[in-house]
Amino acid sequence: MICAWLALHVFAVWHLDAPASPVLALLCLIGLTWLSVGLFIVAHDAMHGAIVPGRPGINKGLGSLALLLFAGFSWRKLIVKHMAHHRHAGTDDDPDFSRGGPVSWYIDFVRTYFGWREFWVLGGSVILYALILGPRWAYVAFWAVPSILASMQLFVFGTWLPHRPDHDAFPDRHNARSTRFGRPLSLLTCFHFGGYHHEHHLYPSVPWWQLPSTRGKDER
Numbered sequence: 063m064i065c066a067w068l069a070l071h072v073f074a075v076w077h078l079d080a081p082a083s084p085v086l087a088l089l090c091l092i093g094l095t096w097l098s099v100g101l102f103i104v105a106h107d108a109m110h111g112a113i114v115p116g117r118p119g120i121n122k123g124l125g126s127l128a129l130l131l132f133a134g135f136s137w138r139k140l141i142v143k144h145m146a147h148h149r150h151a152g153t154d155d156d157p158d159f160s161r162g163g164p165v166s167w168y169i170d171f172v173r174t175y176f177g178w179r180e181f182w183v184l185g186g187s188v189i190l191y192a193l194i195l196g197p198r199w200a201y202v203a204f205w206a207v208p209s210i211l212a213s214m215q216l217f218v219f220g221t222w223l224p225h226r227p228d229h230d231a232f233p234d235r236h237n238a239r240s241t242r243f244g245r246p247l248s249l250l251t252c253f254h255f256g257g258y259h260h261e262h263h264l265y266p267s268v269p270w271w272q273l274p275s276t277r278g279k280d281e282r
């Protein structure tokens, strides 16, 4: 995932001629948005020790790199808050939860994870890119725009739909539901993190690519 994102990122930022190839530019934006979602999912699975089981140092290294590439996020901040989310899902003690509508909830969601550290890391990165890219400085948008769109995609399919309280009843104390889009759409929207979100709360150490196999596991 990280290698795929880096390859497409380097192509789009350093080699793409967007005015001459607008369709290709759009495809790059779509691809980078999806892969940016994937970066966060890699970091998320690393928090649960699911990337390389039994090797916390490797999980932390891969997760930290994925978060840095995604939006300059802090591993330490996210892992603390994500574990709190699992302990208190769908309650006032859940850092990912809000009782507002989707827009205000998303704003709260961003404020929770995007602080001054992230501002300075991203700001410094953009300035550095602008200095290096020179006349191609505007192509840094192929990093910024996919990250923003990916944050919205992660929020809608990985937080709001699975945890909104004003929908159908939750199946158990995890206060989480699966969207049940079917495997292809589940993969495209959030790497199965939304389509099998309840299963993730039941089996948090299972990586995203194995989540479909956990459906109905307790019944087998």
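According to my numbering, the sequence shown is numbered sequentially starting from 63.
Note that CB positions come from ideal geometry on N, CA and C, so glycine has one too.
Same chain, Cβ closer than 6 Å to residue i, neighbours up to 5 away in sequence not counted
i: leucine 97; result: Ala66 and Trp67
i: arginine 242; result: none
Residue burial classification, residue i (beta-carbon count within 10 angstroms, cutoff 16)
i: glutamate 281; result: Note that glutamate 281 scores 45 on pLDDT, short of 50, meaning its location in the model is unreliable; the coordinates nonetheless yield the value given after this. Exposed.
i: aspartate 158; result: buried
i: histidine 77; result: exposed
i: arginine 230; result: According to the sequence shown, residue 230 is aspartate rather than arginine. Looking at its Cβ environment, which holds fewer than 16 other Cβ atoms inside 10 Å, aspartate 230 is exposed.
i: aspartate 234; result: exposed
i: valine 142; result: exposed
i: serine 275; result: exposed
Residue closest to residue i, alpha-carbon to alpha-carbon, out of the options
i: proline 227; options: Thr153, Pro81 and Ala128; result: Thr153
i: leucine 250; options: Leu88, Asn237 and Leu94; result: Leu94
i: threonine 221; options: Ala128, Gly256 and Arg198; result: Gly256
i: leucine 101; options: Val85, Gly162, His148 and Ala128; result: Ala128
i: histidine 259; options: Ile189, Ala82 and Pro224; result: Pro224
i: glycine 244; options: Ala238, Asn237 and Cys252; result: Cys252
i: leucine 130; options: Pro246, Phe181 and Arg198; result: Phe181
Length of the line joining the Cα atoms of residue i and residue j
i: aspartate 79; j: glycine 196; result: 15 Å
i: glycine 177; j: proline 266; result: 27 Å
i: valine 202; j: serine 136; result: 21 Å
i: alanine 200; j: leucine 193; result: 11 Å
i: histidine 110; j: alanine 133; result: 20 Å
i: glycine 167; j: methionine 63; result: Sequence inspection shows tryptophan at residue 167; the glycine mentioned does not correspond to that position. Near 28 Å, if we compare the C-alpha coordinates of methionine 63 and tryptophan 167.
i: proline 208; j: histidine 262; result: 25 Å
i: leucine 264; j: alanine 82; result: 49 Å
i: glycine 125; j: glycine 116; result: 15 Å
Residues of its chain near residue i, where Cβ-Cβ distance is below 7 Å and the 5 sequence neighbours each way are ignored
i: histidine 254; result: Ser248, Trp270, Leu273 and Pro274
i: valine 99; result: Ala212, Gln215, Leu216, Cys252 and Phe253
Sequence-distant residues of the same chain with beta carbon closer than 8 Å to residue i, five excluded per side
i: cysteine 90; result: Leu70, Phe73, Ala74, Leu78 and Phe204
i: glycine 185; result: none
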